[in-house]
Amino acid sequence: MKTILIYLTLIVVGSILGYYYEVGLRKILGKQSEVRLRGPYHPIYGIGIALSFLICSLIKTPWVAFVSVAVAINAAEYFGGLVCNKYLDLNLWDYSKYPFNLHGQICLTHSIGWVGAAALFAFLLFPVFQRVLIPVVCLVLLSISIVSIFSYFASEYFLAQKKRT
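Everything in the sequence shown is counted per the working numbering, starting at 25 for the first residue and increasing by one.
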């Protein structure tokens, strides 16, 4: 039960942090937000963090874990993009205009960013997560995450109601 709770927490918290990362990055770069999912979450980030945690849990050598995490995260983005963008026609991201892209699902620029994230996770975050993620903390983080999601939808509802009147 503890393991399931840890991975669920990583997926939920990572998805929410990924959303705010993208929104913040777009603001800094002065680009218009292209949020295509309703709600403050981007599941690919949560899946990436959960995969990273799993790999670092299984592989004890930091450099091997780093390379494995970098490959896994890029593979998750590629295959996630194929499923979501090509087969489900969701068009969540498109890197076809970037140089050195693979079917528009991954590109060199973003892959380098994922490699940096993998290094950060394998060498810095994982050791902290390993010590901090206990059931009580997981429950608190999961509760905060769920409240954040429901708060977002409630605010959307009330804003829509306010616009009608």
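Just so it is clear, CB atoms sit at the ideal spot from N, CA and C, and this is done for glycine as well.
Just so you know, these numbers come straight off a predicted model, no measurement behind them.
{"Item": "Which residue marks the beginning of the alpha helix (DSSP H) containing Ser76, and which one marks its end?", "Value": "Pro67 to Leu82"}
{"Item": "Tell me, please, whether the stretch 73-93 touches the stretch 111-120 by the rule of three or more beta-carbon pairs shorter than 8 Å.", "Value": "no"}
{"Item": "When you compare the CB positions of Ala96 and Ile79, do they come within less than 9 Å of one another, or not?", "Value": "yes"}
{"Item": "Three or more C-beta pairs closer than 8 Å, one from the stretch 49-56 and one from the stretch 127-141: is that the case here?", "Value": "no"}
{"Item": "For Leu34, list the residues DSSP reports as bridge partners.", "Value": "Note: Leu34 sits in no beta bridge, so no partner."}
{"Item": "Could you compute how far the alpha carbon of Cys108 sits from the alpha carbon of Leu114?", "Value": "6 Å"}
{"Item": "Over the uninterrupted alpha helix (DSSP H) stretch that includes Pro123, give me the two end residues.", "Value": "It is not in any alpha helix (DSSP H) - Pro123 carries neither H nor E in the DSSP assignment."}
{"Item": "In chain order, what residues of the same chain lie with their CB nearer than 7 Å to the CB of Ser172, ignoring the 5 residues before and after it?", "Value": "Ile40 and Pro64"}
{"Item": "Between the Cα of Lys84 and those of Phe174, Ser169, Phe147 and Leu166, spot the shortest distance and give me the residue it belongs to.", "Value": "Phe147"}
{"Item": "Who are the Cβ neighbours of Gly38 in its own chain at under 8 Å, not counting the five residues just before and after it?", "Value": "Tyr69, Gly70, Ile71, Gly72, Ile73 and Ala74"}
{"Item": "Going by C-alpha to C-alpha distance, which of Arg50, Arg155, Tyr102 and Lys110 sits closest to Ser135?", "Value": "Tyr102"}
{"Item": "Assuming Phe90 contacts Ala143 (C-beta within less than 8 Å), just tell me the rounded distance between them.", "Value": "6 Å"}
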